[in-house]
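S.K.:
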């Protein structure tokens, strides 16, 4: 693998409209199942408000993020060789037939690029996409610059992802480039446990039930989680799988856990962040904590956490940064960035 | 020198049940004139009889691994290339996870691709080859798809039919160091201004509750205007030059099984070198989305018309709008 592929620029876009968590819980359906963790989902989550897109489409969110990132990087859109959409929830039209990648290509004028989308990994889609993008760039002399984009807009009354988190709308973009001396992607490790494939799904209009027609909630577009299986099958292996991918990527590049200067981890909830810190002995100052004020942003969490940490001066030159997350499917991913 | 990546095995798993195009046109209330019939060049298509897309994909994956004599535990990545909507909404759900579990490829991770239409297979192929050749810890990939057409939507663009879509699945086992079927290179292209040339508007965020819009729709004027043959020939010439292979060195070209009209455009662009297996498979199976290439590749190998060392070019254009070309050395 070409070890000189790195992150040239990254940024995100969040719609300005916000909705308080109390309003979200008031508006949306109340979960009836019990959550195995010893927490009060509504009180202990640590997120106070969510960003909510109004007239903007999911693709608009991705395009806005791409434009911000392109402007910040100063590169010509015609330099981009690859565009990969890593959005992890349904987009404006039905997938896998359609993806927003082509629309982004058109809107930013990346006329030389090839545009495609990766549709696996859930919130870990960022890691899966890093794996594919760096492999394609490493294997092909003609791919020097890649733009990774995502835009997530949840249906109006589906921001409550009980028992995991509450979700914001937003977009993110990352530009990868060859011949980087800083922010180099040293390695990516992804693991999937396919037997959990149907634990977290969105039914789709073809599975719509007659009682759902005309109601307040278009349930066929809402996530449905099997909470009993979540409690019994996911929670017991979650930290084991995180350990597996994190140690896996460290082994790939000959590093140890103590070499990691900073961790970027999803902002699912305050208790989940605490559990991660305790399990891996990560002190709070080495972990993204501030992102909770944005709410959880699916796969975009990885970009938000990374960008916010750089902007806050929490990641410095020479730091080794670990980005780790999990997502629907279920998949776990970890990547190492050398600053 | 990097070890080449090649095709160890390819399998198509198609429903045994078939229906005639004449019947399907009747069922969807479309007149099948002799002019349309000649333009399509499709007699019948396989239709699922209760099977789900993912179950067909699992069956294809199992057969491919068995044929390749590969233990599922050796698979490092499962790469999925479907085009049609799956049992649940993608990207939250993807059949690759189910395939991974059902075939027992527990050491692998999964990747799926969206938005490339019939080019998705070559996007998957190119990405899998890149992962296997660039990551020392990865040697074997399982590529898989299962596509079932939306009921009542088998004829694309009823006002002026473009193709008739069947149901089917396929799987391909790729391995670093495989003796044949070496994937030498792939060229990919997309035109974002045509991102909405073909899509399914209903049941999505833009049209969440209109079941009547849950149909694959095509902008025929823009589809016709898209220079498919010229684009694919230009890409092929570029790829062949990069690989140091002359056009005259090619044993044949494999294209998608969209219609006889589309094949005629490909024959024109590729100087009559499109293999006869494409027409034969098109007549008997119709358009099977990403499975068209594995089906045609298998037929070509089985026909005995290519020998080891021969060069075969696979070309495909899809919604997105995308185009893809892969060069394979048998």
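Residue numbers (the working numbering), protein chains in the order written: chain A, 837 to 1175; chain B, 8 to 337. All C-beta atoms in this analysis are idealised placements derived from N, C-alpha and C, irrespective of residue type, glycine included. Because the structure is a prediction, the values reported are computed rather than measured.
1) Any idea what DSSP makes of residue 991 of chain A, helix, strand or coil?
2) Between A:894, A:1172, A:842 and A:943, which lies nearest to residue 989 of chain A when the distance is taken from Cα to Cα?
3) Near residue 958 of chain A, which residues of its chain fall below 8 Å by C-beta distance, leaving aside the five closest residues on each side in sequence?
4) Any chance you could list the beta strand (DSSP E) runs of at least 3 consecutive residues sitting entirely within the region 890-973 of chain A, in chain order?
5) Assuming the contact rule is C-beta atoms closer than 8 Å, residue 325 of chain B and residue 101 of chain B should be a hit. Round their C-beta distance to whole Å, please.
6) I'd like the span of the alpha helix (DSSP H) that includes residue 1087 of chain A, first residue to last.
7) How about the region 847-866 of chain A and the region 1005-1015 of chain A: do they share at least three Cβ pairs that are nearer than 8 Å?
8) May I have a chain-ordered list of the beta strand (DSSP E) segments no shorter than 3 residues that lie completely inside the region 996-1053 of chain A?
9) What are the boundary residues of the beta strand (DSSP E) that includes residue 1168 of chain A?
10) Measuring CA to CA, which of A:865, A:1159 and A:1175 is closest to residue 994 of chain A?
11) Quick check on residue 55 of chain B: buried or exposed, where buried means 16 or more other Cβ atoms within 10 Å of its Cβ?
12) Within its chain, find whatever has a CB closer than 7 Å to the CB of residue 74 of chain B; leave out the 5 residues flanking it on each side and keep chain order.
13) Using a C-beta cutoff of 9 Å, does residue 94 of chain B count as contacting chain A?
14) To the nearest whole angstrom, what separates the beta carbons of residue 901 of chain A and residue 985 of chain A, a pair I think is in contact under 8 Å?
15) Taking residue 169 of chain B and residue 225 of chain B to be in contact with their CB atoms under 8 Å, please state how far apart those CB atoms are, rounded to whole angstroms.
16) Does any residue of chain B bring its CB to less than 9 Å from the CB of residue 817 of chain A?
17) Run through DSSP, which three-state label would residue 93 of chain B get?
18) Could you tell me if residue 38 of chain B is buried or exposed, where buried requires 16 or more neighbouring beta carbons within 10 angstroms of its beta carbon?
19) At a Cβ cut of 8 Å, what residues of the region 198-210 of chain B count as close to chain A, listed as they run along the chain?
20) Going by alpha carbons, who is nearest to residue 81 of chain B out of B:256, B:146 and B:195?
21) Am I right that residue 898 of chain A and residue 921 of chain A are in contact with their C-beta atoms under 8 Å? What's the rounded C-beta distance?
22) Below 7 Å between beta carbons is the criterion; list the residues of the region 212-230 of chain B that meet it against any residue of chain A, in chain order.
23) Compare the C-alpha of residue 108 of chain B against each of B:318, B:79 and B:195 and name the closest.
24) Quick one, which of B:176, B:202 and B:260 has its alpha-carbon nearest residue 91 of chain B's?
25) Under the three-state reduction of DSSP, which class applies to residue 187 of chain B: helix, strand or coil?
26) Can you list, in chain order, the residues of its chain whose CB lies under 6 Å from that of residue 1062 of chain A, leaving out five sequence neighbours each side?
27) Sort out for me which residues DSSP pairs residue 343 of chain B with in a bridge.
28) Do we get a CB-CB distance below 9 Å when we pair residue 837 of chain A with the residues of chain B?
29) Near residue 1014 of chain A, what residues of its chain come up, given a Cβ to Cβ distance below 7 Å and the 5 sequence neighbours on each side ignored?
30) DSSP three-state call for residue 44 of chain B: helix, strand or coil?
31) Closest Cβ-Cβ distance between residue 846 of chain A and chain B: below 9 Å?
32) Give a yes or no on whether 9 Å exceeds the smallest Cβ distance from residue 1000 of chain A to chain B.
33) Helix, strand or coil for residue 172 of chain B? Go by DSSP, reduced to three states.
34) Using the C-alpha atoms, what's the distance from residue 93 of chain B back to residue 220 of chain B?
35) Which ranges does the beta strand (DSSP E) cover as unbroken runs of at least 3 residues, wholly within the region 248-325 of chain B, from first to last along the chain?
36) I'd like to know whether the C-beta atoms of residue 95 of chain B and residue 119 of chain B end up nearer to each other than 9 Å.
M.R.: Based on what the coordinates show:
1) If you number the first chain from 1, residue 991 of chain A lands on position 155. In the three-state reduction of the DSSP assignment, residue 991 of chain A falls in the coil class.
2) The residue you call residue 989 of chain A lines up with position 153 of the first chain. Here the closest residue by C-alpha is A:894.
3) Numbered from 1 along the first chain, position 122 holds the residue referred to as residue 958 of chain A. Close CB contacts of residue 958 of chain A within its chain, under the 8 Å cut and outside five residues either way in sequence, are with 924, 1036, 1134, 1135, 1162, 1163, 1164, 1165, 1166 and 1167 (chain order).
4) As summarised for the region 890-973 of chain A, the continuous beta strand (DSSP E) elements at least 3 residues long and confined to that stretch are 918-921 and 950-954, given in chain order.
5) Stepping through the second chain from its first residue, residue 325 of chain B is reached at position 318. Stepping through the second chain from its first residue, residue 101 of chain B is reached at position 94. Not a contact, Cβ separation roughly 18 Å.
6) Taking the first residue of the first chain as position 1, residue 1087 of chain A is located at position 251. 1071-1089 is the span of the alpha helix (DSSP H), which, as asked, contains residue 1087 of chain A.
7) At 8 Å Cβ cutoff, the stretches touch.
8) Complete beta strand (DSSP E) runs here, min 3: 1006-1013 and 1020-1028.
9) To locate residue 1168 of chain A, count along the first chain from 1; it is residue 332. 1167-1174 is the extent of the beta strand (DSSP E) around residue 1168 of chain A.
10) Start at 1 with the first residue of the first chain, and residue 994 of chain A comes out as number 158. Here the closest residue by C-alpha is A:865.
11) Your numbering for residue 55 of chain B matches position 48 in the second chain. By the neighbour-count criterion, in which 16 or more other beta carbons inside 10 Å mark a residue as buried, residue 55 of chain B falls on the buried side.
12) Translated into positions along the second chain, residue 74 of chain B becomes position 67. For residue 74 of chain B, where only same-chain residues beyond five positions count, the Cβ hits under 7 Å are 16 and 18.
13) Translated into the one-based positions of the second chain, residue 94 of chain B becomes position 87. It does: the Cβ of residue 94 of chain B has a partner Cβ on chain A nearer than 9 Å.
14) Translated into the one-based positions of the first chain, residue 901 of chain A becomes position 65. Translated into the one-based positions of the first chain, residue 985 of chain A becomes position 149. About 7 Å separates the beta carbons of residue 901 of chain A and residue 985 of chain A, which is inside the 8 Å limit, making them a contact pair.
15) Looking up residue 169 of chain B in the second chain gives position 162. Looking up residue 225 of chain B in the second chain gives position 218. A Cβ-Cβ distance of about 6 Å is found for the pair residue 169 of chain B and residue 225 of chain B, placing them in contact under the 8 Å criterion.
16) Chain A is shown from 837 up to 1175; residue 817 of chain A falls before or after that span and cannot be answered.
17) As a working mapping, residue 93 of chain B is identified with position 86 in the second chain. Residue 93 of chain B falls in the coil class under three-state DSSP.
18) Within the second chain, numbered from 1, the residue matching residue 38 of chain B stands at position 31. With fewer than 16 other Cβ atoms inside 10 Å of its own Cβ, residue 38 of chain B counts as exposed.
19) When C-beta distances to chain A are compared with 8 Å, the residues of the region 198-210 of chain B below that value are 198, 199, 200, 201, 202, 203, 205, 206, 207, 208, 209 and 210, in chain order.
20) Within the second chain, residue 81 of chain B is the residue found at index 74, counting from 1. Ranking the options by Cα distance to residue 81 of chain B, first place goes to B:146.
21) Here the question's residue 898 of chain A lines up with position 62 in the first chain. Here the question's residue 921 of chain A lines up with position 85 in the first chain. Contact annotation, residue 898 of chain A with residue 921 of chain A: C-beta distance approximately 7 Å; criterion of less than 8 Å satisfied.
22) For the region 212-230 of chain B, which is checked against every Cβ of chain A, the residues closer than 7 Å are 212, 213, 215, 216, 218, 221 and 223.
23) Locating residue 108 of chain B in the second chain gives position 101, counting from the first residue. Of the candidates B:318, B:79 and B:195, the one whose C-alpha sits nearest the C-alpha of residue 108 of chain B is B:79.
24) As a position in the second chain, residue 91 of chain B is number 84, starting the count at 1. Of the listed residues, the one whose Cα sits closest to residue 91 of chain B is B:176.
25) Taking the second chain and counting its residues from 1, the one referred to as residue 187 of chain B is at position 180. It is coil, neither helix nor strand.
26) As a position in the first chain, residue 1062 of chain A is number 226, starting the count at 1. Here the set comprises 1035.
27) As shown, chain B starts at 8 and ends at 337. That puts residue 343 of chain B outside it, with no answer to give.
28) One-based indexing of the first chain puts residue 837 of chain A at position 1. Closer than 9 Å to some Cβ of chain B, the Cβ of residue 837 of chain A qualifies, so yes.
29) Here residue 1014 of chain A refers to the residue found at position 178 of the first chain. The beta carbon of residue 1014 of chain A is closer than 7 Å to those of 838, 840, 841, 973 and 980 in its chain, skipping five residues each way along the sequence.
30) For the purposes of this step, residue 44 of chain B is identified with residue 37 of the second chain, where counting begins at 1. Residue 44 of chain B: helix per DSSP, three-state reduction.
31) Translated into positions along the first chain, residue 846 of chain A becomes position 10. Chain B contact via Cβ: absent.
32) Position 164 of the first chain, counting from 1, holds the residue named residue 1000 of chain A. No, no contact with chain B.
33) Walking along the second chain from the start, residue 172 of chain B turns up at place 165. Strand, per DSSP.
34) Locating residue 220 of chain B in the second chain gives position 213, counting from the first residue. Locating residue 93 of chain B in the second chain gives position 86, counting from the first residue. Distance between the alpha carbons of residue 220 of chain B and residue 93 of chain B is about 17 Å.
35) Correct list: 257-261 and 318-325.
36) Your numbering for residue 95 of chain B matches position 88 in the second chain. Your numbering for residue 119 of chain B matches position 112 in the second chain. No Cβ-Cβ contact shorter than 9 Å links residue 95 of chain B with residue 119 of chain B.
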